[in-house]
Structure formats: C-alpha cells, structure tokens
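Trainee: Residue numbers (numbering that gives the first Met the number 0): 0 to 402. What follows is a structure written as structure tokens; I'll ask about it next.
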Amino acid sequence: MKQSTPIFKILAACVLSGVLLVLGIQIWQTASDPTAVARVYKAKTEETIAADGWVIRWEECFHTNGGTLIHQCGEGEKVGANQTLATAYSSMGALETVKEIEEKQLQLQQLEYALESYLDPDAAMKLDETITENLRTLRSELSRGDYSSAAENISELKGNILKRSHTYTTGPEIQAEISKVQKELSSLRSSLSGVTPIRASRPGTYSAVCDGYEEVLTLDFLKDLTPSKMASVSDGGQTGNVGKLIYGDTWYYAFTLSEADAQRLLDGGAPVLRFAKGLERDVTVKIVSVSPVEDGERAIVVSCDRYLAQITQLRRQTASLLLDSYEGLRIPANALRLNEEGRSGVYCMVGMFARFKAVDVVYQGDGYTLVRAAEDATGSRILRPGDEVIISAGELYDGKVMQ
C-alpha cells in the first residue's frame, strides 16, 4: 500500500489536471465566443420626411368699429349667406338688455319643457336619464382633463336641472308663467337700440381668430411659389376683431424640402400628412405643385378637402410626411446571417442548440431589421414573436451546441 501511494498521487494529479484543462478550455471558449441573444417581437416603423411650413386657406376677415362685440357662431361652425356672425352693441346698456333677453329665452325654454312634462308623465323620467348621462359624461371629461368639453356639458346639465325643477308645477300655472315671460321678452326687444349685426356675405366656415396672415398667405401666394418666396413671409399685421370666414372646403400646406427629400416625396405617391399638433389624425393629401430647384431646395404645396373645421386656427406648422409604413418581426441588424446554402435568416436558441430559421427582409432600419418568416418555412423553422435570436457567437451552423 505504501508503494502504491506515489502512483495514486500521480494518477490523481493527472485527473485533476485534465479536469482543469477542460474547464480552462470551456472558459476560454466562452470568453472568446460569447453567446448573446435578443428576443423577437412584432414592430411597426414608418418612413417619414420632416417638414416645416404654412397652412393656407381662402379667408376673409370681418371688422367693426367700437362698441361691445358678442360672437354668435362657434369655432369651425358652418354658416350660411347673410347669417349673423357677431353683434356689436353701442353701449353697455344695450349689452345688458341682450343678456336679459338671453336669460328670458332660457327661462321660456324651461317653462315650455315643464308644460310638455306636465302633459307627458314619461318626459320627467326621460329628463332624469339625460341628467344622469350628463353627469357620467362630465366625470369622464374631467378625469381626462378635457375642460373645454366639460364646460359645455356643465351648461347643458344646468339647463336640464332647471327644466327638472319645474316638472311638478301645475299646467295652468306653467301656462301663466309662459305668457308673462313672453310679454317681458317682447318689451325687452322693443327697447333694444344701438345694435349692429355683422353678417356673412357668403357661405363659409367661421373662425373667431384672425392672426394677421390672412392678407399675406392667400391663394395667389401659392402661384409660382419658390423657396425664397416662402422665406420672405412676414406678418401682415391686420386682424379682424369679429373673426373670419373660410371659403370652400380645401386647405393647403406649403413647405420647402431638400432636392433629395422632394424626390423621395414625388416617388412615394400620395403622401400622408401628420401635424405635430393641432390635428389629432393623419390626412391623405394631394401634391398640388413642386417648384424648380433653388439653392438645393424645392417649394411644395399639398392640399386636402377634409377636416377644415378642425384646422381653422392652424398656421405655422411642423409636420411629418409619411411615405410608407412597414410591419414585421424586429431583430438586431447583426442577427441576420446567411446559412451554408446562402439563404438569409437567423439562428435561434432552441434548448442548447442553434437552429436556423429562414426569413425575408421587410425593412432595414438603423441598427435593426424588420423581417418575416420565409414563405417556405414550416413547423419549428418558422420565426415567431418570443423566439431568441443569436446575435454574437462566432461561427454558427444549424445544430451547433451552444455554451
């Protein structure tokens, strides 16, 4: 036993050395050939061109001299020829009379509804349902911070509650009250003086704001438009205190692009316009004109005949022109490889093995690629969301055992 001890020690040292050698090789392989993976997921990207330009419409401003002005139309409201846009009052007394008339008109509406409710018992129940719905809508508007809509809803809610307060009055009492309010209205109207209505000369879309560009950015401005003409735009300085009418349904967006971007836009077909703010939707526009090249730039005009009521106050706008959109499975650009047969695809971790999955490239982005599974891929060879693609692991081949 004592004689075998040195031999045993030698054998143990050899085994230990072998184990350490294997571990060292594995550590070296892992350090020199690391395996990094990335998870595949569905993604969408858009090809866009940035623009900065002007919204142009056929507009006419309205003015009045002195007095107190009350607007009669809402922003973006369609008005007819000879319709009153606003009313100017020569004195505060006249304005107070108008306010009394408006209050009496509201009171008359409430009384007429009360009479209807008296004659129709179901009307009160319907009104209760309307008030409940008003309250629900108001809560939703306040929770999302839509205070403009909430203010309108509060006004409607107040009117409905006032209507409801008259529902238990007797019929003869309501009729007598209606007659009284009608006489008061007649008296107030006959006493009213110093009133000047401002009327629409033709049908159009009303806006309460004139920004001073109405006399500068006209339809004539769009004729023979050039980049230098665009750069020379300045504020006209004249505004209308009544507001303005926008005629027709078509509006225009004029902007400049580099020669290369302008060509991309022309090659892309009908572009989609997306304003940075002011219009919460994408709109398909038509290219109206493209200027000759001037100092490496072109002036471009596009038009749209929809959503005019929503862009009445837009003027200087930054925007994106969407040329195309792409959807696919997003992978890092360096995960795309060629296999032994020269096919494009990715190697995925399947257990401890690398499995090749053929793909077709949809779009090549900055540092990433959108792909889809090759049409002839089947079963486990189809690339799917959630798969782990191998980014860096040195030389890869199908079936390789991964560390």
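All residues carry an ideal CB built from backbone N, CA and C; glycine is no exception.
Is LEU187 helix, strand or coil by DSSP?
Mentor: Of the three classes helix, strand and coil, the one that applies to LEU187 here is helix, per DSSP.
Trainee: Is it right to say PRO171 is buried, meaning 16 or more other beta carbons lie within 10 angstroms of its own, or is it exposed?
Mentor: Exposed is the call here.
Trainee: If you follow the beta strand (DSSP E) that ARG38 is part of, which residue opens it and which one closes it?
Mentor: Segment 35-38, the beta strand (DSSP E) holding ARG38.
Trainee: CB MET348 to CB GLU387, shorter than 7 angstroms?
Mentor: The answer is yes: Cβ separation under 7 angstroms.
Trainee: Determine the direct distance from the alpha carbon of PHE220 to that of ASN338, and round the result to whole angstroms.
Mentor: Distance between the alpha carbons of ASN338 and PHE220: 59 angstroms.
Trainee: Hey, could you find the ends of the beta strand (DSSP E) PRO331 is sitting in?
Mentor: Note, PRO331: beta strand (DSSP E), 315-331.
Trainee: Between the Cα of GLY52 and those of SER178, LEU94 and PRO226, spot the shortest distance and give me the residue it belongs to.
Mentor: For GLY52, the nearest C-alpha among the options comes from PRO226.
Trainee: Along the chain, where does the alpha helix (DSSP H) that runs through GLN262 open and close?
Mentor: From DSSP, the alpha helix (DSSP H) with GLN262 extends over 258-266.
Trainee: Provide the residue span of the beta strand (DSSP E) that contains MET229, from first to last.
Mentor: Unbroken run through MET229 is the alpha helix (DSSP H), 226-230; no beta strand (DSSP E).
Trainee: Bridge partners of ARG336, per DSSP?
Mentor: Looking at the DSSP assignment, ARG336 forms a beta bridge with GLY344.
Trainee: Is TYR205 near GLU46, with beta carbons less than 7 angstroms apart?
Mentor: No. Outside cutoff.
Trainee: So, does the region 91-102 touch the region 207-216, judging by three or more C-beta pairs under 8 angstroms?
Mentor: No, the region 91-102 is not in contact with the region 207-216.
Trainee: So, are the CB atoms of MET401 and THR4 less than 7 angstroms apart?
Mentor: No; because the gap between Cβ atoms is not below 7 angstroms, this pair is not in contact.
Trainee: Let's see if you can read the secondary structure: which residues bound the beta strand (DSSP E) around ALA85?
Mentor: Residues 83-88.
Trainee: Just to confirm the assignment, what range does the beta strand (DSSP E) spanning ILE310 have?
Mentor: No beta strand (DSSP E) contains ILE310, which DSSP labels as neither H nor E.
Trainee: From ARG297, ILE330 and GLU340, pick the residue whose C-alpha is nearest to that of LEU369; which is it?
Mentor: The option with the nearest alpha carbon to LEU369 is ILE330.
Trainee: Look up CYS13 in the DSSP assignment and say whether it is helix, strand or coil.
Mentor: Reduced to three states, the DSSP call for CYS13 is helix.
Trainee: Go through its chain and collect everything with a Cβ distance to ILE153's Cβ below 7 angstroms, but skip five positions before and after it.
Mentor: Closer than 7 angstroms at Cβ, skipping near neighbours: LEU137.
Trainee: Tell me which residue opens and which closes the beta strand (DSSP E) that LYS285 is part of.
Mentor: Looking at the DSSP string, the run of the beta strand (DSSP E) that includes LYS285 is 285-289.
Trainee: How about SER302 and THR255: do their beta carbons lie closer than 7 angstroms?
Mentor: No, Cβ-Cβ distance for SER302 and THR255 is not below 7 angstroms.
Trainee: Please report how far the alpha carbon of ALA50 lies from the alpha carbon of ASP281, in whole angstroms.
Mentor: The alpha-carbon atoms of ALA50 and ASP281 are separated by roughly 14 angstroms.
Trainee: Could you check where the beta strand (DSSP E) with LEU272 kicks off and where it finishes?
Mentor: Note, LEU272: beta strand (DSSP E), 271-274.
Trainee: Taking the beta strand (DSSP E) that CYS303 falls in, what are its first and last residues?
Mentor: Element bounds for CYS303: 296-303.
Trainee: When you compare each of GLN312, LEU156 and GLU214 to LYS276 by their alpha carbons, which one comes out closest?
Mentor: Ranking the options by Cα distance to LYS276, first place goes to GLN312.
Trainee: Using the C-alpha atoms, what's the distance from ILE177 back to ALA253?
Mentor: Taking the straight line joining both Cα atoms gives about 56 angstroms.
Trainee: Determine, using beta carbons only, whether ALA376 and ALA357 come nearer to each other than 7 angstroms.
Mentor: A contact, by the Cβ cut-off of 7 angstroms.
Trainee: Which one of LEU224, GLY211 and TYR246 has the shortest CA to CA distance from GLU465?
Mentor: Outside the modelled stretch of the chain, which goes from 0 to 402, sits residue 465, for which no answer is possible.
Trainee: Taking the straight line between their C-alpha atoms, what separation do you get for GLU258 and ALA80?
Mentor: So the alpha carbons of these two residues sit roughly 44 angstroms apart.
Trainee: Got a sec: is the Cβ-Cβ distance from VAL39 to anything in chain D below 7 angstroms?
Mentor: The chain inventory of the structure shown lacks chain D, comprising one protein chain alone.
Trainee: Look up ARG198 in the DSSP assignment and say whether it is helix, strand or coil.
Mentor: Correct three-state label for ARG198: strand.
Trainee: From ASP359, GLN363 and ARG380, pick the residue whose C-alpha is nearest to that of ARG371; which is it?
Mentor: Nearest of ASP359, GLN363 and ARG380 to ARG371, Cα basis: ASP359.
Trainee: Would you tell me roughly how many angstroms separate the C-alpha atoms of TYR146 and ASN64, rounded to the nearest one?
Mentor: About 33 angstroms.
Trainee: Tell me the DSSP secondary structure of GLU59 in three-state form.
Mentor: In the structure shown, GLU59 sits in a strand (DSSP, three-state: E or B).
Trainee: Give the secondary structure of VAL400 by DSSP, where H, G and I count as helix, E and B as strand, and everything else as coil.
Mentor: Looking at VAL400 - three-state DSSP - the assignment turns out to be strand.
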